[in-house]
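In what follows, a structure is listed as structure tokens, so that the remarks can point back to it.
There are 2 protein chains.
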Amino acid sequence: MVNNKSTQLDAVFHALADPTRRAIIARLAQAPCGISELAAPFDMTLAAISKHIKVLEGAGLVVRSIEGRNHTCQLDTGPMLGGMEWLRHYENFWNQRLDALVTALNTDDTTA
Amino acid sequence: MVNNKSTQLDAVFHALADPTRRAIIARLAQAPCGISELAAPFDMTLAAISKHIKVLEGAGLVVRSIEGRNHTCQLDTGPMLGGMEWLRHYENFWNQRLDALVTALNTDDTTA
DNA sequence: TTTATTGTCAACCATTTGGTTAAGTATTGC
DNA sequence: GCAATACTTAACCAAATGGTTGACAATAAA
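Keeping their order, the protein sequence lines are chains A and B. 427 is the number that my numbering gives to position 15 of the first sequence; each next residue is one higher, with no gaps. 491 is the number that my numbering gives to position 79 of the second sequence; each next residue is one higher, with no gaps.
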């Protein structure tokens, strides 16, 4: 059962280890969005974005709802809308605090 | 300059996306440690652990100090010993909060 | 000086990743 | 019915990952 948690963490961190996917998350943090609209900013095929979204789905970070031919992605589903703000907090946390951490460690590294 | 931050984030998340490396971090959070001692719990060659440690070093999460033939790894360097506790906080954060998030999203997924 | 210990490095291997193109599936609109 | 729209899927590809083995380097101990 530790294994279960572990593999989910693997999936989450792996999902976050790609700048395109982090950008998708950042985009979805503002509002739910269709696939094509999500893909628009990227110099990449729709198929590639489709794959990225599946990775995010696999990690549980993105949920898809299908209406007709339109797939809408959001960072969580209806019953958990409150969690979205929470995720944005983490996104800030990751981008700012972690960056500060890494910078500090690197600076320290040059000092040694 | 966003790119710089981005690639460092890539490195950090990628480093964390492997259970062996997370275990190494958890181990180092308790105390600095030599490579062999670090490798002991794992059913893996020393060379493999050596590679993992280099990944952690590349992400700035682990710093190595060499004394004779012994390489000692720690989660940060001397001038930043205070940061170690900080890192452990993040480790707890990641393992518990993120796991809760993922679990919640997955539960929600089955509900939809 | 010889031997054991600590660890790296290089070469190799199978698998995964991240991208492409091309074709296919639904749905929508004319 | 036919064409456009919104996506997925499959097949492929180069590069990265995560592991192995085996040879090497450097230090410590005998």
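Note that the Cβ used here is the ideal one computed from N, Cα and C, for glycine as well. As the structure is a prediction and not an experimental result, all values here were calculated from the model.
Query                                                                                                                                                                                                   : Result
Is there contact here, the stretch 467-485 of chain B with the stretch 437-451 of chain B, by at least three beta-carbon pairs under 8 Å?                                                               : yes
Does the stretch 456-471 of chain A come into contact with the stretch 460-468 of chain B, if we say contact requires no fewer than three beta-carbon pairs (one atom in each stretch) closer than 8 Å? : no
Taking CB distances under 7 Å as the criterion, tell me whether LEU428 (chain B) reaches chain A.                                                                                                       : yes
When the Cα atoms are used, what is the spatial distance from HIS426 (chain A) to ALA452 (chain B)?                                                                                                     : 26 Å
For LEU473 (chain B) and VAL424 (chain B), which I take to be in contact (beta-carbon distance under 8 Å), what is that distance rounded to the nearest angstrom?                                       : 7 Å
Output the distance between the C-alpha atoms of GLN420 (chain B) and ARG434 (chain A), rounded to the nearest integer angstrom.                                                                        : 13 Å
ALA460 (chain B) to GLN442 (chain B), Cα distance in whole Å?                                                                                                                                           : 22 Å
Looking at the unbroken alpha helix (DSSP H) that takes in THR432 (chain B), where does it start and where does it end?                                                                                 : 431-442
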